[in-house]
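Beneath this line is the structure, given in structure tokens, with notes to follow.
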Amino acid sequence: MKINQTSSTSASLVEFKLEKNESIRIEPGCMVYKDNCINLEGKINGGLFAAIGKAFLGGESFFTSIATAKSPGRIAVAPKGFGNIKLLNVTKDNQWYINDGSFLACNTSVDYTSSRQKRLLNSILGSTGGFFILKSKGEGELLVNGFGDLIEIDLDGSQPFQIDNGHVVCWQESLDYKLEIASGLFGFKSGEGLLNTFKGKGKVIIQTRNIQSFVDILVDYIPFPKNNK
8 MKINQTSSTS ASLVEFKLEK NESIRIEPGC MVYKDNCINL EGKINGGLFA
58 AIGKAFLGGE SFFTSIATAK SPGRIAVAPK GFGNIKLLNV TKDNQWYIND
108 GSFLACNTSV DYTSSRQKRL LNSILGSTGG FFILKSKGEG ELLVNGFGDL
158 IEIDLDGSQP FQIDNGHVVC WQESLDYKLE IASGLFGFKS GEGLLNTFKG
208 KGKVIIQTRN IQSFVDILVD YIPFPKNNK
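When you read off a place in the sequence shown, starting at 1, and then add 7, the result is the number in the numbering used here.
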């Protein structure tokens, strides 16, 4: 299997070159093009009841798509929104937590499970994530995507590090984290005031734009019909 990212921009695309019988797992709706020899099969994500729980509580897709090559061929994937893509190496000693909506694709040797947020109230009120976040397992390559550019921050563990919850894409398992209120309860109207506080050594991937803030801007320009009573 070969992985090629066309660019490192907000319009990025990744092409997989698969050998016969090789497979990848992709987020439904992210396929851009493929050779006819690539078979796409939709599967319920982790069993019926688990998938329902993930979809309604965690924001994760009900289905997952498996792309399998009947002979050598290509398949390309891209995020549904405007954002960059980052390739992560998953190993026994290098697992990742992933926020909802950030998963794009992975080898079938890599899987993920849902992990309950540490503070349920905060996850309900936050602008990204939900009751659950994803945790990788296995070994292989994992692709994540974000809104805007993706930046890797390397934490040395010398002091706690805080990131706005709406900008966090994923982080290494070696880091301890918790969600904290930064600016009082009324800051939760759009998720503002939620901070992820990280402790320890490890890497965090952030997105340079907050999709909820972008939506709030767009709302100001949408002409709503007047109520003619």
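For every residue, glycine included, the Cβ atom is placed at its ideal position computed from N, Cα and C.
- In its chain, beyond the 5 residues on either side, Tyr104 and Val211 have a beta carbon closer than 6 Å to the beta carbon of Trp178.
- DSSP places Phe154 in the coil class of the three-state scheme, outside both helix and strand.
- For Tyr40, same chain residues with a beta-carbon under 6 Å away, outside a window of 5 residues either side, are Ala83 in chain order.
- With a beta-carbon spacing of about 6 Å, Cys37 and Lys87 fall inside the 8 Å limit used to define contacts.
- Check the Cα spacing between Lys50 and each of Phe70, Asn91, Ile31 and Asn43: the tightest is with Phe70.
- Cβ-Cβ distances below 8 Å link Lys208 to Leu162, Asp163, Gly164, Ser181 and Leu182 in the same chain, with the five nearest sequence neighbours on each side left out; the list follows chain order.
- In the structure shown, Gln219 falls within a helical segment according to DSSP collapsed to helix, strand and coil.
- Annotation: Leu20 is outside any beta strand (DSSP E) and is labelled neither H nor E by DSSP.
- Taken atom to atom, the span from the alpha-carbon of His174 to that of Met8 is near 31 Å.
- Spatial neighbours of Glu26 in its own chain (CB-CB distance under 8 Å, excluding positions within 5 residues in sequence) are listed in chain order as Met8, Ala76 and Pro79.
- Membership of Ser72 in the beta strand (DSSP E) is indicated by the continuous run Phe70 to Ala76.
- With fewer than 16 other beta carbons inside 10 angstroms of its own, Leu47 counts as exposed.
- In the three-state scheme derived from DSSP, where H, G and I count as helix and E and B as strand, Leu182 is classed as coil.
- Counting C-beta atoms within 10 angstroms of its own C-beta, Ser116 has fewer than 16 neighbours from the protein chains shown and is therefore classed as exposed.
- Non-local beta-carbon contacts of Ile160 in its own chain, meaning distances under 6 Å to residues more than five positions away in sequence, involve Val211 in chain order.
- Between Gln214 and Val176, the CB-CB gap stays under 8 Å.
- Between Leu111 and Ile140, the CB-CB gap reaches or exceeds 8 Å.
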